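J.: Number 48 in the working numbering belongs to position 48 of the sequence shown; there are no gaps in the numbering. Below is one structure. I have some questions about it.
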Amino acid sequence: MNNFKVALTIGHSKESPGAVNQGYMINEYEICKKITDYAANCFPKEYDLCIEDNWTLGQEKDKIDKFKADVIVENHMNFASDTKKTGIMTIYEKDNAESMLLAFAVHEKLILALLRQDLGVINHETIKGWREWVSFFLFDKIKYQNRFGFDVPTILTEIDYISNSDVAEMIMDKNEDFIKKAGKAIADGIIKYNEDKLNKGMIT
Numbered sequence: 001m002n003n004f005k006v007a008l009t010i011g012h013s014k015e016s017p018g019a020v021n022q023g024y025m026i027n028e029y030e031i032c033k034k035i036t037d038y039a040a041n042c043f044p045k046e047y048d049l050c051i052e053d054n055w056t057l058g059q060e061k062d063k064i065d066k067f068k069a070d071v072i073v074e075n076h077m078n079f080a081s082d083t084k085k086t087g088i089m090t091i092y093e094k095d096n097a098e099s100m101l102l103a104f105a106v107h108e109k110l111i112l113a114l115l116r117q118d119l120g121v122i123n124h125e126t127i128k129g130w131r132e133w134v135s136f137f138l139f140d141k142i143k144y145q146n147r148f149g150f151d152v153p154t155i156l157t158e159i160d161y162i163s164n165s166d167v168a169e170m171i172m173d174k175n176e177d178f179i180k181k182a183g184k185a186i187a188d189g190i191i192k193y194n195e196d197k198l199n200k201g202m203i204t
């Protein structure tokens, strides 16, 4: 059996760090990078990994195309002017059943691990505001195929609100429990998705 191929992507970069919590001097990119890097260390040897950042604009399309991922998970944190707003959501590609199954598997693990408000698993066409633009690039503009020639199940996680002071406090904790739990939950969700497919005889 071939190794299961996972592309973990960070939705921003050092040059474009995404949302910033000025009060705590933390930004979306550096936190999501830590979470993604930790997730990468939680997979068994039967998984091949590709980690990239800022690929929603297409900079890394050729590399990810060549990798032929079985799943793509892009990690973000949300932001709101209301510093009390909180919750985790996971976004999947509308009309892609495998994307939805992957989203539910990862989302469930994130909620159980972090014990934060559940904002649900939603399809990308319901997203409004600036995330609508991100979703367009992630789900509509850039299309990837796996080694079998099928569209790669792709999801976007929103790992709570970086603008929330309680979340920021947890992120700043020196033990990095929030980061470690989030990273492991993402890996566990992907592994569960793969194992469910293996049990159904859908992967060779």
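Note that beta-carbon positions come from the ideal geometry of N, C-alpha and C, so glycine has one too. Because the structure is a prediction, the values reported are computed rather than measured.
With DSSP as the reference, label K45 as helix, strand or coil.
T.: coil
J.: Considering only DSSP beta bridges, list what T126 is partnered with.
T.: Paired residue(s): none; T126 is not in a bridge.
J.: Give me the Cα-Cα distance between D166 and I26, rounded to the nearest whole angstrom.
T.: 13 angstroms
J.: Taking all protein chains shown into account, do 16 or more other C-beta atoms lie within 10 angstroms of the C-beta of G201, making it buried, or fewer, making it exposed?
T.: exposed
J.: Who are the near neighbours of W130 in its chain, counting only those whose CB is closer than 6 angstroms to its CB and skipping five residues on each side?
T.: Residue placement at W130 cannot be trusted, given a pLDDT of 47 that sits under 50; the coordinates are not used to answer.
J.: What distance in whole Å lies between the Cβ atoms of G11 and C32, which are believed to be in contact at a cut-off of 8 angstroms?
T.: 7 angstroms
J.: How many whole angstroms separate the CB atoms of N75 and I186, which I take to be in contact at a CB cut-off of 8 angstroms?
T.: Rounded, the Cβ-Cβ distance is 7 angstroms, consistent with contact.
J.: D82 to I162, Cα distance in whole Å?
T.: Distance between the alpha carbons of D82 and I162 is about 11 angstroms.
J.: Using the C-alpha atoms, what's the distance from R147 back to L110?
T.: Near 28 angstroms, if we compare the C-alpha coordinates of R147 and L110.
J.: So for V167, helix, strand or coil by DSSP?
T.: helix
J.: Counting only the same chain and skipping the five closest in sequence on each side, list residues whose C-beta sits under 8 angstroms from that of I88.
T.: When the five nearest sequence neighbours on each side are left out, the beta carbons in the same chain lying within less than 8 angstroms of the beta carbon of I88 are those of H107, L110, I111, L114, R116, Q117, D118, L119, T157, E158, I159, D160, in order along the chain.
J.: Would you mind giving the Cβ-Cβ distance between Y144 and D95, rounded to the nearest angstrom? I have them listed as a contact below 8 angstroms.
T.: Incorrect: roughly 16 angstroms between the Cβ atoms, too far for contact.
J.: Do you know whose CA, among A7, M77, E98, lies nearest A168's CA?
T.: Looking from the CA of A168, the closest CA among A7, M77, E98 belongs to M77.
J.: Determine the DSSP secondary structure at K68, reduced to helix, strand or coil.
T.: coil
J.: Where V6 and T36 are concerned, what is the direct C-alpha to C-alpha distance, given to the nearest angstrom?
T.: Using only the alpha carbons, I get a separation of about 12 angstroms.
J.: Quick check: what's the CA-CA separation for P44 versus E176?
T.: 22 angstroms
J.: Is G18 buried or exposed, if buried means 16 or more other CB atoms sit within 10 Å of its CB?
T.: Looking at its Cβ environment, which holds 16 or more other Cβ atoms inside 10 Å, G18 is buried.
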